[in-house]
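Colleague: This is the structure, below, for whatever I ask next.
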Amino acid sequence: MPKSKSKKAKAKKTSNPKKAPIPPGFHTVTPYLTINGAAAAIDWYKKAFGARELARDAIPDGKIMNARIRIGDSIVMLSDTFPGGGPQSPDLLGNSPVTLHIYTSNIEKIWQQAVDAGAKVTMPLDNQFWGERYGQLTDPYGHHWSVSQQVNMSKKEKDEKQKQAMAMFAQNEHPGRTEEAQVVQN
Numbered sequence: 127m128p129k130s131k132s133k134k135a136k137a138k139k140t141s142n143p144k145k146a147p148i149p150p151g152f153h154t155v156t157p158y159l160t161i162n163g164a165a166a167a168i169d170w171y172k173k174a175f176g177a178r179e180l181a182r183d184a185i186p187d188g189k190i191m192n193a194r195i196r197i198g199d200s201i202v203m204l205s206d207t208f209p210g211g212g213p214q215s216p217d218l219l220g221n222s223p224v225t226l227h228i229y230t231s232n233i234e235k236i237w238q239q240a241v242d243a244g245a246k247v248t249m250p251l252d253n254q255f256w257g258e259r260y261g262q263l264t265d266p267y268g269h270h271w272s273v274s275q276q277v278n279m280s281k282k283e284k285d286e287k288q289k290q291a292m293a294m295f296a297q298n299e300h301p302g303r304t305e306e307a308q309v310v311q312n
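Count along the sequence shown starting at 1, add 126, and that's the number in the numbering used here.
This is the structure in structure tokens:
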């Protein structure tokens, strides 16, 4: 009786090479934004945050089914809103409960780029008691962003900043928030 090939050998011959479970460049968690005007948003993210477009799949009318951009070392996925689709954009919902956070080595540059591109400042850039220069913005599509960079601060400066922040929290206010943002929150 001739020898038959083992099941393992047959499987190797008929199956495709094993793909990595996570595509190259992705991290464990990847934000996926739904945007009313995704193509324009991609251009805005390029100006504001130095994003690089990685992929774009559009339907015949130009709406984006799926796109990927890279900001720093992170990938952000996005698409347009679609009638009957589950996810909706913040402008249609009236707000977003999510903030995307960017760490950078040049906070002043990325902050200014975003502001110059039309981001709305919701918390001015300032040194915070946890040892970072930090601020919050809202993009023209309703998504919230925070940007920060670790900075050297004296213990005295950190303690004073923390004391001020805790006093504001005690009054149901958020430290550093613009007056307009305080009104929207309340």
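Heads up, the beta-carbon is just placed ideally off N, CA and C, and yes, glycines get one too.
May I have the straight-line CA-CA distance separating Ala293 from Asn278, to the nearest angstrom?
Modeller: Against the sequence shown, residue 293 aligns to sequence position 167. Against the sequence shown, residue 278 aligns to sequence position 152. Their backbone Cα atoms lie some 23 Å apart in a straight line.
Colleague: Mind listing, in chain order, the continuous alpha helix (DSSP H) runs of no fewer than 4 residues lying wholly within the segment 170-198?
Modeller: Runs of the alpha helix (DSSP H) inside the segment 170-198: none found.
Colleague: Terminal residues of the continuous alpha helix (DSSP H) containing Gln290?
Modeller: The residue labelled residue 290 in the question sits at position 164 within the sequence shown. Here the alpha helix (DSSP H) through Gln290 covers 281-296.
Colleague: I'd like to know whether the C-beta atoms of Ile201 and Thr160 end up nearer to each other than 8 Å.
Modeller: Indexing the sequence shown from 1 puts residue 201 at position 75. Indexing the sequence shown from 1 puts residue 160 at position 34. Not in contact: Ile201 and Thr160 (Cβ atoms no closer than 8 Å).
Colleague: Can you check whether the CB of Ile190 is closer than 8 Å to the CB of Ala165?
Modeller: Stepping through the sequence shown from its first residue, residue 165 is reached at position 39. Stepping through the sequence shown from its first residue, residue 190 is reached at position 64. Closer than 8 Å, so yes.
Colleague: Per DSSP, what are the beta-bridge partners of Asn253 in this structure?
Modeller: Position 127 of the sequence shown, counted from the start, is the residue given in the question as residue 253. Paired residue(s): Arg259.
Colleague: Scan the segment 216-253 and note each continuous alpha helix (DSSP H) run of 4 residues or more that stays entirely inside, going in chain order.
Modeller: Segments of the alpha helix (DSSP H) lying fully in the segment 216-253: 216-219, 233-242.
Colleague: In the structure shown, what three-state DSSP assignment does Ile168 receive?
Modeller: As a working note, residue 168 is residue 42 in the sequence shown. It is helical.
Colleague: Tell me which residue opens and which closes the beta strand (DSSP E) that Tyr158 is part of.
Modeller: Here residue 158 is taken as the residue at index 32 of the sequence shown, counted from 1. Per DSSP, Tyr158 belongs to the beta strand (DSSP E) from 158-161.
Colleague: Going by the beta-carbon positions, is the gap between Ile168 and Ile148 smaller than 8 Å?
Modeller: To locate residue 168, count along the sequence shown from 1; it is residue 42. To locate residue 148, count along the sequence shown from 1; it is residue 22. Result no, Cβ atoms of Ile168 and Ile148 do not sit closer than 8 Å.
Colleague: What separation, rounded to the nearest whole angstrom, lies between the Cα atoms of Lys144 and Pro150?
Modeller: For the purposes of this step, residue 144 is taken as the residue at position 18 of the sequence shown. For the purposes of this step, residue 150 is taken as the residue at position 24 of the sequence shown. If you take the alpha carbons of Lys144 and Pro150, they lie about 14 Å apart.
Colleague: Does Gly148 come out as helix, strand or coil in the three-state DSSP assignment?
Modeller: Taking the sequence shown and counting its residues from 1, one reaches residue 148 at position 22. According to the sequence provided, residue 148 is Ile. The question's Gly does not apply to it. Ile148 falls in the coil class under three-state DSSP.
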